[in-house]
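K.L.:
Using the numbering used here, you'd call the opening residue of the sequence shown number 26 and step up by one each time.
Cβ atoms here follow ideal geometry from the backbone N, Cα and C, with glycine treated the same way.
Note that the structure is a prediction, hence the values are computed from the model and not measured.
Handing you this structure, nothing more for now.
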Amino acid sequence: MERVTLRIPKQQIEEVEQMVDTGEYPNRSEAIRSAVREMLSEQEGSERASEKDKRTWARV
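The following block contains the structure:
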């Protein structure tokens with residue numbers, strides 16, 4: 026696993042910390058990894074749908 030440093034607005038980190046405090050995630054890192062997995066899964070799903078339309082879109 027690689028370490029990544031990023032900047033996140035304070036309000037968002039506070040919301041992530043609240044999810045950790047309520048036991049939804051064991052720590053901030055796992056919460057952020059979960060969000061990244063969800064984002065990639067959604068992107069994969071939308072790419073499959075666009076393949077059916079035979080369109081190619083560049084994501085920037």
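#1: Measure the CB-CB distance between Arg53 and Val45 and report whether it falls below 7 Å.
#2: Name the residue from Glu69, Glu72, Gln43, Glu55 whose alpha carbon lies nearest to the alpha carbon of Arg28.
#3: In whole angstroms, what separates the C-alpha of Pro34 from that of Gly70?
#4: What do you get for Val61, buried or exposed, if any count of 16 or more other CB atoms within 10 angstroms of its CB means buried?
P.N.:
Checking against the coordinates, here is how it stands:
#1: Against the sequence shown, residue 53 aligns to sequence position 28. Against the sequence shown, residue 45 aligns to sequence position 20. Yes, they are a contact pair.
#2: Start at 1 with the first residue of the sequence shown, and residue 28 comes out as number 3. Nearest option by C-alpha distance: Glu55.
#3: Walking along the sequence shown from the start, residue 34 turns up at place 9. Walking along the sequence shown from the start, residue 70 turns up at place 45. Roughly 28 Å between the two C-alpha positions.
#4: Translated into positions along the sequence shown, residue 61 becomes position 36. It counts as exposed.
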